[in-house]
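Each residue of the sequence shown is one higher than the last, beginning at -13 in the working numbering.
Where a beta carbon is used, it is the ideal one built from N, C-alpha and C, also for glycine.
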Amino acid sequence: MSETHATIAPGAPVFPPGRYGRRREPGGRRRVLLATVALVVLVSVLSLISVRLYRQYGDPNYDAQVITYTDITDNQLRLDFRVTVPAGGSTVCLLRARDRDGAEVAREQITVTAPPGERHVTTSHLLATTGRAFIGEVLRCRPTG
């Protein structure tokens, strides 16, 4: 048998060469740590963006559904819709009418107030249009103020 002499740090384990596989490179744990930190930062940023967008566009307390649109002429459209608001609260809704080509022919913002103790309000509004409307829509409803 032959002996190998190598400079070994005091207290470090001695392994026979080629016996236990390849030694890990130093710094591998650093890459895993950096990847984990980057992932946590990414998830945090995406969560903040989601919360902001939900607050801006997704409040379920202010929900609107179009019931019908009638009285369509070259210069008007009657839009009937139902709004859900907190009991006794009010909301500002953005209404829009479009023609057959999808071009906007009317846009108006109205305030809808629920009677005390009620959450659902059915309302009708006459939109003045700049051309013959094909469809009426409620784009969004938000809290007043």
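Taking the beta carbon of residue i as the centre, do at least 16 other beta carbons fall within 10 Å, making it buried, or is it exposed?
i	result
Tyr55	buried
Leu65	buried
Arg4	Correcting the residue type first, residue 4 is Gly in the shown sequence and not Arg. Exposed, by the Cβ-count rule.
Thr116	exposed
Gly122	buried
Ala119	buried
Tyr48	buried
Leu32	exposed
Leu19	exposed
Val124	buried
Val71	buried
Taking 7 Å as the limit between beta carbons, can you name the residues of its chain near residue i, skipping five residues before and five after?
i	result
Ala114	Asn61, Gln62, Ala92
Thr99	Ser76
Compute every distance between the C-beta of residue i and the non-hydrogen atoms of the ligand COA, then say whether any falls below 7 Å.
i	result
Tyr43	Inclusion of the ligand COA in the displayed structure is not the case, the ligand content being empty and no account of it being possible.
Short of 6 Å in beta carbon distance, which residues of its chain neighbour residue i, apart from the five on each side in sequence? Order them along the chain.
i	result
Gln51	Arg68
Tyr40	none
Any idea which residues DSSP pairs residue i with across the strands?
i	result
Val98	Thr77
Tyr55	Leu65
Ser33	BP columns for Ser33 are empty, so no partner.
Do residue j and residue i come within 8 Å of each other at the CB atom, strictly closer than that value?
i	j	result
Ala83	Glu104	no
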